[in-house]
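Numbered by my numbering, the letters in the sequence shown go through residues 2 to 579 in order.
Virtual Cβ for every residue (Gly too), placed ideally from N, Cα, C.
Owing to the predicted nature of the structure, the values given are computational and were not obtained by experimental measurement.
Report on the structure given below.
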Amino acid sequence: MLRRLYIRNFTLIDELDMEFHSGFSVITGETGAGKSIILGAIGLLLGQRADMKTIKQGADRCVVEAHFDLSHYEDMERFFEENDLDADLEDTIIRRELTASGKGRSSESRQACLDGRVATELDRVKSRAFVNDVPVALGVLKELGERLIDVHSQHQNLLLGKHDFQLSVVDIIARDGQELSAYREAYDAWRETRGSLDELKEQLAQNRQAQDFMQFQFDELTAAKLVDGEQEELEARSETMEHAEDIKQALYETDHALSGEGSGIVSQLRSAAQALRGIGRVFGDATELAERLDSSYIELKDVAQEVSAKVEDIDFDPAELDAVNARLDRLYDLEKKYRVQSVGELITLRDGLAGKLNAIEGGDELLKEKEQEVERLKAQCLQLGGQLSKKRSQGAAETEAQIARRLTALGMPHARFQVEMSTGEPTATGLDRVAFLFSANTSSVLQPVSQVASGGEIARVMLALKAMVSGAVKLPTIIFDEIDTGVSGKIAEQMAQIMAEMGAQDRQVISITHLPQIAALGATHYKVYKEETPQGTTSHMSLLTADERIAEIAQMLSGSSVTEAAIQNAKQLLRVKK
């Protein structure tokens, strides 16, 4: 539950530090006193967007901080673990800080901005959010806020006309989370496979349209008898043959230098080695030198033999050169035609075409298998959807019974409320379509509740729904913002009793109200009021004492001029002894 709310420099609030209590509390105050400002500050903690108007005039920084006791609520620790946050369930602190980026503006410029007369890049608000002093993204703050506080304002009554809201109410009462999760898993699998089937159909249709062209390309590349690395080898052979005469001349000159009669290096080297060995007995170094010359002689002799052999191998054949160049031209033409850079890429393209052609030939079989898979998954989806529908039917019946009982307690004994269910094709939420039908009396025809219920009737229906849902979902704090619109007298008191009952079930319920009948039943009473100061108008909030509550409720009963009768009436409402 919400234990403490601290606000500084938020619109008309200089500073507010207020403690809250469990059970049923009420907040009262004149119209325009600032009750909506309190809700706006709480909205920031729930992840709502902020603008320059949220920061009080003359201030550069706004802070809203709330302390929550979550020690009695399940599954909260899992949220902190999943988001890597420190968990202190007895004192969980949520803080939102807003900073005006146009920090150096003059007061006149700032006021113009706040009045909406100036809008520049400098007027943006920088926002930071923290959970237990750990910075978090607004998305995390919003997710946590939805688990902590449910704010019901007048515009939420519009939800009665939305089918997804109505279905969610039935799901909560049906407690069908397990069935819904199983269905959604099957639905996602069916939808994904159905999408891949559509892609396969489109691909096969495109392939069939291009089949003749792909076949021509495949045949052309196959006829080319492509070999990976062939191009590089042919380019080397072509280069060699085009320079055959130069190569042959160089090899001939090298052969003559190495093996020429009398003047060849090899024979002279051998003679030199023999001469050194002849003086080995009288000149010791000669033997070592001779051995070194022998080693060189062996290496050069081997080179000379290889050069001599290559002289015989090199022969210029114009016909062979033409054949090599013709083959290269063919490869170059194919690479240019198919916009690739190598024979390897041509081979990859050819193999890819082969795969597509094979897929076309086996496409009907593949398509049949995929269609069977889609049908199987749809059947599974329908089966699980049927189980979900059965659970929802039970929840719908329970919803009807609970709402009828609560509407009777709210002064509508003849009202009828029906959950109309119909089934259709699978959607992300199941097979069911839900509509809330309503009639204020037994003689009227049941129609959609948002179309036939008056403002006061809708307020009572929504309160009944909230009370019912809060019994199934344990939400720490529920705030009703003027849910009493359109009702008064005895009905208002009955609405207050329901809210008080909700607060008694280990839950915190706060009602912002203008009705004394509701204000009187609050276990705790807060008042929001404005004060004019030399610095401007400021809003304040205070916890009322017993005597202050009498005065406040008397004023709510009689207006600005409080009469003795109003005071006595207030005491009676508060059940205070004279």
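Cβ-Cβ distance between Leu3 and Phe81 below 8 Å
no
Asn359 - containing alpha helix (DSSP H), residue span
Val344 to Glu362
Close Cβ partners of Ala120 (< 6 Å) along its chain, the five nearest in sequence each way excluded:
Legend: pLDDT at Ala120 = 36, less than 50; position of this residue unreliable, value from coordinates given subsequently. Excluding positions up to five away in sequence, the list is empty.
Could you give the DSSP three-state label for Arg209: helix, strand or coil?
helix
Residues in its own chain within less than 6 Å of Leu575 by CB, not counting five upstream and five downstream?
Taken in chain order, the residues that qualify are Ala521.
According to DSSP, is Asp151 helix, strand or coil?
It is a strand residue.
Cβ-based neighbour list, Gln232, same chain, cut-off 8 Å, excluding 5 preceding and 5 following:
Leu329, Leu332, Ser343 and Val344
Going along the chain, which residues of its own chain have a beta-carbon closer than 8 Å to the beta-carbon of Ile499, five neighbours each way excluded?
Closer than 8 Å at the Cβ level, and outside the excluded window around Ile499, lie Arg407, Ala410, Leu411, Leu464, Ala465 and Ala468.
What separation, rounded to the nearest whole angstrom, lies between the Cα atoms of Asp145 and Ile38?
In the sequence under discussion, the amino acid at residue 145 is Leu, which differs from the Asp named in the question. It is roughly 21 Å from the alpha-carbon of Leu145 to the alpha-carbon of Ile38.
Is Lys531 helix, strand or coil when you go by DSSP?
strand
Beta-carbon of His153 versus every beta-carbon of chain D: anything under 8 Å?
Protein chain content of the structure displayed is limited to a single chain, and chain D is not contained in it.
Compare the Cα-Cα distances from Ile266 to each of Leu558, Gln306, Lys311 and Lys127 and report the closest residue.
Gln306
Please report the distance separating the alpha-carbon of Thr194 from that of Gly48.
Rounded to whole angstroms, Thr194 to Gly48 spans 36 Å at the Cα level.
Closest to Ser154 by C-alpha separation, out of Val529, Ile511 and Lys528, would be which residue?
Of the listed residues, the one whose Cα sits closest to Ser154 is Ile511.
Report the residue from Thr288, Lys302 and Met215 whose alpha carbon sits nearest the alpha carbon of Leu270.
Lys302
Under the DSSP definition of a beta bridge, which residues are partnered with Ala67?
Leu6 and Ile95
DSSP state of Ile492, grouped into three classes?
helix
Per the contact definition of three or more C-beta pairs closer than 8 Å, is the segment 8-25 in contact with the segment 514-529?
yes
Which ranges would you report for the alpha helix (DSSP H) in the segment 222-271 if only whole runs of at least 4 residues count?
231-243 and 245-260
Can you give me the C-alpha to C-alpha distance between Leu142 and Val132, rounded to a whole angstrom?
One C-alpha to the other measures close to 8 Å.
With DSSP run on the structure shown, which of helix, strand or coil describes Gly456?
helix
My guess is that Leu347 and Glu336 are in contact by the Cβ rule of under 8 Å, so how many angstroms apart are they, rounded?
7 Å
Going by DSSP, what residues sit across from Phe418 in a beta bridge?
Phe439
Can you have a look at Glu186 and say buried or exposed, based on whether 16 or more other CB atoms are within 10 angstroms of its CB?
That one is exposed.
Can you tell me the Cα-Cα spacing of Gly490 and Arg393, whole angstroms?
Taking the straight line from one Cα to the other gives about 37 Å.
Rounded to whole angstroms, what is the Cα-Cα separation between Leu354 and Phe219?
6 Å
Per DSSP, which one or two residues make a beta bridge with Phe128?
This sequence places Ser at residue 128; Phe is not what is there. Paired residues: Leu99.
Cβ of Ala567 within 8 Å of Cβ of Ile174?
No, Cβ-Cβ distance for Ala567 and Ile174 is not below 8 Å.
Keeping to the same chain, check which residues put their C-beta closer than 6 Å to that of Ile404; ignore five residues upstream and five downstream.
Phe418 and Ala465
Can you tell me whether Gln506 is helix, strand or coil according to DSSP?
coil
Just to confirm, are Pro427 and Ala436 a CB contact at a threshold of 8 Å?
no
Give the secondary structure of Gly425 by DSSP, where H, G and I count as helix, E and B as strand, and everything else as coil.
strand
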